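For the sequence shown, the positions run 0 to 139 when numbering that gives the first Met the number 0 is used.
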Amino acid sequence: MSLSIRNQISGTVLSVTPGEVMATVRVRLDGGQEITAAITLEAVKELGLAEGTAVRTLIKSTEVALATGAVDGLSIRNRLPGTVTDVTTGGAMAGVKVAVAGGELTAAITRDAAEDLGLAAGAEVTALVKSTEIALAAAL
Numbered sequence: 000m001s002l003s004i005r006n007q008i009s010g011t012v013l014s015v016t017p018g019e020v021m022a023t024v025r026v027r028l029d030g031g032q033e034i035t036a037a038i039t040l041e042a043v044k045e046l047g048l049a050e051g052t053a054v055r056t057l058i059k060s061t062e063v064a065l066a067t068g069a070v071d072g073l074s075i076r077n078r079l080p081g082t083v084t085d086v087t088t089g090g091a092m093a094g095v096k097v098a099v100a101g102g103e104l105t106a107a108i109t110r111d112a113a114e115d116l117g118l119a120a121g122a123e124v125t126a127l128v129k130s131t132e133i134a135l136a137a138a139l
């Protein structure tokens with residue numbers, strides 16, 4: 000199946016913490032970083048997720064925020080350090096490609112934000128993604 004989601008990074012499930020309706024799934028990405036996805040308990044069961052399961056993390060580019068400095072006092076737990084490799088700007092939006100260990104992320108942010116942050120190739124950034132914005136797919 001082809002998907003329009005460009006941000007797809009492989010990993011392995013470290014743990015599943017079930018709740019009444021939702022579960023948190025910790026994943027170690029192939030580059031060594033850990034992220035957490037909050038998905039429905041039904042999805043956990045349908046995908047057969049358990050410790051050691053191979054998965055692909057799927058993140059829409061519009062759900063990736065970027066920071067150029069220290070990130071303190073936020074509830075967002077998924078923080079992936081990386082380096083900007085390309086910035087493409089249009090009328091209102093910018094696409095920012097970020098190399099992270101084990102892959103690449105694209106962030107779709109406003110052009111104003113990209114300019115205010117001074118984003119350009121070589122800039123060090125931290126990609127921020129809420130756990131509720133990460134989908135998981137069973138690895139093929």
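All C-beta atoms, glycine included, are put in the ideal place defined by N, C-alpha and C.
Remember, predicted model here, so these are calculated numbers, not experimental data.
Terminal residues of the beta strand (DSSP E) in which A107 lies: G102 to T109
Beta-carbon contacts of L13 that lie in its chain and below 6 angstroms, excluding the five residues immediately before and after: R25 and R27
Distance CB(A36)-CB(T56) smaller than 8 angstroms: yes
CB of T39 within 8 angstroms of CB of V15, strictly: no
V26, enclosing beta strand (DSSP E) - first and last residue: M21 to L28
Through-space distance from A120 to G90, alpha-carbon basis: 20 angstroms
V128, enclosing alpha helix (DSSP H) - first and last residue: Per DSSP, V128 belongs to no alpha helix (DSSP H); it is in the beta strand (DSSP E), E123 to V128.
Rounded separation between V95 and G18 - CA only: 35 angstroms
DSSP three-state assignment for E50, whether helix, strand or coil: coil
Cut-off 6 angstroms between Cβ atoms - residues of its own chain near L116, not counting five sequence neighbours on either side: T67
Straight-line Cα distance separating R78 from V70: 9 angstroms
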